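Trainee: Position in the sequence shown (first residue = 1) + 27 = our numbering. Ideal Cβ positions, reconstructed from N, Cα and C, are used throughout, including at glycine. Please read all numbers here as calculations on a predicted model, not as lab measurements.
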Amino acid sequence: MLKLIFHYAKRYWWQIILMGIFTAISASINLELPQYTSKIINEGVALKNMSAIYEHGFTMLGIALLGGIFMVLSMALASRIAASMARDLRRDTFELIEQFSMNEFSKFSVASLITRTTNDAQQFQQTFNMTLRMGIYAPFVGIGAVINVFRISADMSWIVLACIMAILTIVAIVTIFAVPKFKIIQKNVDRLNMQTRQTITGLRVIRAFDNESVEEGKFAEVNRDISKVNLFIDRIMSLISPVMTMVSGFSMIAIVWLGAYLADKGSAGITNPTELMAYVGSQIGNIFALIQYVGQTTFAFMMLSMIFVFMPRMIVSLGRIKEVLDTDLSINDNDDADLVAVPTENSIEFKNVSFKYQDSEDSILSDINFKINSGETIAVIGGTGSGKSTIAKLIPRFYDVSEGQILIGGVDIRNIKQADLHNLIGYASQKSMLLSGTIRSNIAYGSNSGISDEQVVAALKIAQAWDFVNKLPKGISDHVAQGGRNFSGGQKQRLSIARAIAKNAPIMIFDDSFSALDFKTDAKLRAQLAKKTIGTTKFIVAQRVSSITHADNIIVLDGGRIAGIGKHEQLLKTNKIYQEIAKSQLSEDEIASSGAKAKMTPRTATSKPKKTGTKPKKGAK
């Protein structure tokens, strides 16, 4: 943990040194103030010397003002350093999360990653700020005050030592009971964020099933757990201030009593009234100075105790962030990726590809072999869980293959820099995700070089989205809410497709992107896509046969294996699985129009015996 703190702190070493200097100056000045209080009483009040009172009083005010200035500068620098380090932590964590593959996301929940990036970083900032400010000031003042107490009166030093021991005992008790709860708090915050996120995102489903009370109960349970732990810690922490005040009060009473006793004892042999007054005055001045030093000692050790109490919480939060930062990425650029030229050919080839998820014994895909030539359209269809979307996710390296190779332009994609690979691909995901902003910013999102309004409109027209976008008050400048919640499912899907088209990449992947479209819109989109994207390699994952009849080749998946490859008409004739899918979706007329009705296995549910035209003979059995 110290290594991580040092890693980020060394970037601001000169600010930390400057803050330390300002803090030391401020502490030194504050240690001098009780001395001037003593001088005002001893040389001024006791001797009725007004010039001494003015001289020491104004000097004291000037010194106090100077100490305040240095303290403000020190606090400002400490706040700046802590905020900058927390900012760097958040940035590095966020940038690493951006590089996570699906494998890494399986280790952390989304809610936990949000908590670690925000709440945990904030906990670090607050505690580190306090540590910077008081970690130098408090020991400096505490040790200095103890030394001055010994210098003024060795007889009263035991009072200060007893005060310090009492404070340390309190800190130890608080640490023992409170520290184990800090990790529980952060875990409960994860649970609370997860439950809140789940409820908000699934609100329509919750309402549809009238289960608001169920989710309220789950939220109440997590909320109650957090409140319970926080209340326990607050009760423990609330003991510190009154106990510290009580310790300080008893210390001051002991100093006054012992000081009066020693003054009375020391003045027993003095008979001259003037000398007696001067002696008593000097003792009163020393008592006031001692009281101030005891107060400084109490304050210093109280601040140190707060650091020791909150430090474990900071360590817990920092440890959670470190877990993310120490995560090894399962998908990295090859060391020689910079030496590999970006493929100029947009063919895609799968060679003996198998894939299984981490910590899974069963393969999702097994021995997948096929090739898409440049400019061709290939589609994948199959039953639920057959591995269709997994194939689509392997091409942009959302996952890496377990066995085999995926080649683009004859180059293994693992040897291509991820940035270059992603620039080759326009991707429309299964779940249409729109970002907050405008329609234009969403459509132009994948174009690094920027695109014109005309190109945005052209992409919208191909995706059959221009009709509804053109009717909006601001057209392509109209607002898109977070997640695109101000658009219907079909509209979001068309906008997502338009974004992939606008990128003008040599390879386009449509991962079940047409499922929310009606048949008419689907047909128009496919026609425009084929017309406007000539030369582009298109990989389509589909649920509907009607969406892929135009494909150059169709891959039929069954249980993670290829059950057939061919054109629509060919598969209708030869592939039983494809026949079953087609029968479940297409009418007899649509199937017959493909010229393969006679070759297909008849459906038992609708098949009827043929009439022979003769009646059975009477008595026949």
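By the DSSP assignment, the beta strand (DSSP E) with residue 593 in it spans what residues?
Mentor: 588-593
Trainee: Looking only at its own chain, which residues have a Cβ that is under 8 Å from the Cβ of residue 396, when we skip the five neighbours before and after it?
Mentor: 377, 378, 379, 380, 589
Trainee: Is DSSP giving residue 535 helix, strand or coil here?
Mentor: strand
Trainee: Rounded to the nearest angstrom, what separates residue 342 and residue 111 at their Cα positions?
Mentor: 18 Å
Trainee: Tell me whether the region 49-68 and the region 79-90 touch, counting them as touching only if at least three CB pairs, one residue from each stretch, are closer than 8 Å.
Mentor: yes
Trainee: With distances taken between CB atoms, is the gap from residue 127 to residue 345 smaller than 9 Å?
Mentor: no
Trainee: Would you mind sorting residue 491 into buried or exposed? The rule is 16 or more other CB atoms within 10 Å of its CB.
Mentor: buried
Trainee: Taking all protein chains shown into account, do 16 or more other C-beta atoms lie within 10 angstroms of the C-beta of residue 266, making it buried, or fewer, making it exposed?
Mentor: The residue is exposed, with fewer than 16 neighbouring Cβ atoms inside 10 Å.
Trainee: Report all residues from its chain with a CB closer than 8 Å to the CB of residue 257; omit the five preceding and five following residues, and keep chain order.
Mentor: Listed in chain order, the non-local C-beta contacts of residue 257 below 8 Å within the same chain comprise 212, local neighbours out to five positions each way being set aside.
Trainee: Leaving out five residues before and five after residue 90 in sequence, what residues of the same chain have Cβ atoms less than 8 Å from its Cβ?
Mentor: 56, 59, 60, 63
Trainee: Between the Cα of residue 385 and those of 361, 411, 357, spot the shortest distance and give me the residue it belongs to.
Mentor: 357
Trainee: Tell me the DSSP secondary structure of residue 454 in three-state form.
Mentor: strand
Trainee: Could you pull out every residue in the same chain whose Cβ sits closer than 6 Å to the Cβ of residue 538, ignoring the five residues on either side in sequence?
Mentor: 416, 419, 456, 457, 568
Trainee: Excluding the five sequence neighbours on either side, which residues of its own chain have a C-beta within less than 7 Å of the C-beta of residue 156, listed in chain order?
Mentor: Close CB contacts of residue 156 within its chain, under the 7 Å cut and outside five residues either way in sequence, are with 105, 106, 109 (chain order).
Trainee: Can you check whether the CB of residue 448 is closer than 9 Å to the CB of residue 424?
Mentor: yes
Trainee: Let me confirm a value: residue 499 is counted as buried when at least 16 other C-beta atoms fall within 10 Å, else exposed. Which label applies?
Mentor: exposed
Trainee: Confirm, please, whether the CB-CB distance from residue 534 to residue 566 is below 9 Å.
Mentor: yes
Trainee: State buried or exposed for residue 371, treating a residue as buried only when at least 16 other CB atoms are found within 10 Å of its CB.
Mentor: exposed
Trainee: What three-state label does DSSP hand residue 483 in the structure shown?
Mentor: Residue state, collapsed to three classes: helix.
Trainee: Name the residue from 558, 605, 591, 586 whose alpha carbon lies nearest to the alpha carbon of residue 573.
Mentor: 605
Trainee: Sorted by chain position, which residues of the same chain lie with C-beta nearer than 6 Å to residue 35's C-beta, five sequence neighbours on each side aside?
Mentor: 112, 115
Trainee: What distance in whole Å lies between the Cβ atoms of residue 254 and residue 186, which are believed to be in contact at a cut-off of 8 Å?
Mentor: That pair is no contact at about 41 Å.
Trainee: When you compare the region 316-330 with the region 174-193, are there three or more beta-carbon pairs, one atom per stretch, that lie closer than 8 Å?
Mentor: yes
Trainee: Beta strand (DSSP E) containing residue 377: first to last residue?
Mentor: 375-382
Trainee: In angstroms with no decimal places, state the Cα-to-Cα distance between residue 46 and residue 197.
Mentor: 30 Å
Trainee: From which residue to which residue does the beta strand (DSSP E) around residue 430 run?
Mentor: Element bounds for residue 430: 430-435.
Trainee: Just curious, the alpha helix (DSSP H) that residue 169 is in, first and last residue?
Mentor: 148-179
Trainee: Whose C-beta lies closer than 8 Å to the C-beta of residue 87 among residues of the same chain, with five residues either side of it excluded?
Mentor: Listed in chain order, the non-local C-beta contacts of residue 87 below 8 Å within the same chain comprise 60, 63, 64, 67, local neighbours out to five positions each way being set aside.
Trainee: Since residue 36 is in the alpha helix (DSSP H), which residue starts that stretch and which ends it?
Mentor: 29-36
Trainee: Just mark residue 411 as buried or exposed, buried being the case when its beta carbon has 16 or more other beta carbons within 10 Å.
Mentor: exposed
Trainee: Below 8 Å on the Cβ atoms is my guess for residue 649 versus residue 224; work out the distance and round it to an integer in Å.
Mentor: It is not possible to answer for residue 649, since the shown part of the chain is limited to 28 through 648.
Trainee: Rounded to whole angstroms, what is the Cα-Cα separation between residue 33 and residue 233?
Mentor: 47 Å
Trainee: What residue does the alpha helix (DSSP H) around residue 259 start on, and which one ends it?
Mentor: 239-265
Trainee: For the candidate residues 221, 159, 75, 201, whose alpha-carbon lies nearest to that of residue 139?
Mentor: 221
Trainee: Looking at the secondary structure, which residues open and close the alpha helix (DSSP H) in which residue 409 lies?
Mentor: Where residue 409 is concerned, there is no enclosing alpha helix (DSSP H), although the beta strand (DSSP E) it sits in stretches over 404-409.
Trainee: Could you tell me the distance, in whole angstroms, from the CA atom of residue 98 to the CA atom of residue 272?
Mentor: 24 Å
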